[in-house]
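Count along the sequence shown from 1, then add 1; that gives the number in our numbering.
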Amino acid sequence: MRGTGRTGFLGSPALPIIAAITFLLSAWHLLAVFLQLAALPIPGVAFGTFLERITGDLGFHLQVSTYRVLVSIVVSLVLAVPLGLFLGREPRFDAFIAPLIYVVYPVPKIVFLPVIIALFGLGDFPKILLIVLVIFFQILVTTRDAARKVDQATIDSILSLGASRLQVYRQVIWPAALPDVFTALRIVTGTAIAVLFISETFVSREGLGYFILDAWSRSKWDEVYAGIIAMGMLGIVLYGILDFLDRRVCRWKHL
């Protein structure tokens, strides 16, 4: 007899997300009603302000922050992935570069924000640069370790068939490392948004970080939470895009 399995809405992968959001909003509402503090409005007030402002200045700041995060992630990928694949399969070069990575990687890059602003000004570039400095090494190390795990016997068999080293990287090493790269992307996305918030609260006039800090300085708590909602939605959308791409590109992982 054929099993029916889970179908329809109950089988939707969105159901756990909806349940989690419902739980968080319910907890938020109950806590706000219990505490009765101006600094913690009920969700309805916060979302009302969000809907009111998203077509105006909040929408503009959201666009600015989205641009900065996306550019930072793309630049970090373009720089870190090829280098990580190369270092993972070239031990001699990795032995030279690894000490530099181990020295620089643990240093909290956020402390360089005043220096970066002094050197490059107050535009998008210093904020993008700071985010790249933070997430570049996370992607690099993850990609390098993933490339190391590729079976050498598989590579040797491909080379024996006449494949070039570039073809080996493109058709063997890169596909094998892809699942780990997506895992790294999920991690660095949250990190990138956190660093973005900090950078936008420091001598800035644009972005969600500035919007939230400006509202806080005026004790406009409904606007503060509207900015927080916008930043949270940015993270949720980016995670959703990554999950979609992961399932499309790494189908064998989800069989």
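For every residue, glycine included, the Cβ atom is placed at its ideal position computed from N, Cα and C.
**Request:** Enumerate in chain order the residues of its own chain whose CB-to-CB distance from Lys-128 is below 6 Å, with the five nearest sequence positions on each side excluded.
**Result:** Arg-69, Ser-200
**Asked** What alpha helix (DSSP H) runs, 4 residues minimum, are completely inside the region 22 to 105?
**Response** 44 to 54, 58 to 90, 92 to 105
**Prompt:** For the alpha helix (DSSP H) that contains Tyr-170, what are its first and last residues?
**Reply:** No alpha helix (DSSP H) contains Tyr-170, which DSSP labels as neither H nor E.
**Item:** Residue from Lys-221, Arg-219, Leu-197 with nearest C-alpha to Gly-210
**Value:** Leu-197
**Request:** Please name the residue in Ile-230, Ala-47, Leu-243, Ala-195 whose C-alpha comes closest to that of Leu-131.
**Result:** Ala-195
**Under the three-state DSSP convention, the category Arg-248 falls into** = helix
**Prompt:** Of all the alpha helix (DSSP H) runs that stay within the bounds of the region 122 to 164, which reach a length of 4 or more residues?
**Reply:** 125 to 149, 153 to 161
**Limits of the unbroken alpha helix (DSSP H) element including Trp-175** = 175 to 201
**Message:** Helix, strand or coil, according to DSSP, for Ser-218 in the structure here?
**Reply:** helix
**For Gly-233, the three-state DSSP class (helix, strand or coil)** = helix
**Other residues of its chain near Thr-192: CB distance less than 8 Å, five sequence neighbours each side excluded** = Val-135, Ile-136, Gln-139
**Item:** C-beta contact flag for Phe-51 and Ile-230 at 7 Å
**Value:** yes
**Of the listed residues Leu-246, Arg-249, Leu-235, Glu-224, nearest to Asp-58 (C-alpha basis)** = Glu-224
**Asked** Measuring CA to CA, which of Arg-171, Arg-248, Gln-168, Asp-146 is closest to Pro-92?
**Response** Asp-146
**Request:** Quick one: measure Cβ to Cβ for Tyr-226 and Ala-21, integer angstroms, because I've assumed they're closer than 8 Å.
**Result:** In fact, because the Cβ distance is near 18 Å, the residues do not count as touching under 8 Å.
**Request:** Return the residue from the list Pro-176, Ala-81, Gly-208 that minimises the CA-CA distance to Leu-63.
**Result:** Gly-208
**Request:** Taking only the alpha-carbon atoms, compute the straight-line gap between Arg-3 and Arg-249 and give it to the nearest angstrom.
**Result:** The pLDDT assigned to Arg-3 is 48, lower than 50, so where the model puts this residue is not dependable; a value taken from the coordinates is nonetheless given after this. The alpha-carbon atoms of Arg-3 and Arg-249 are separated by roughly 28 Å.
**Whole-angstrom distance between Pro-44 and Phe-35, CA atom to CA atom** = 13 Å
**Message:** Helix, strand or coil for Val-108? Go by DSSP, reduced to three states.
**Reply:** coil
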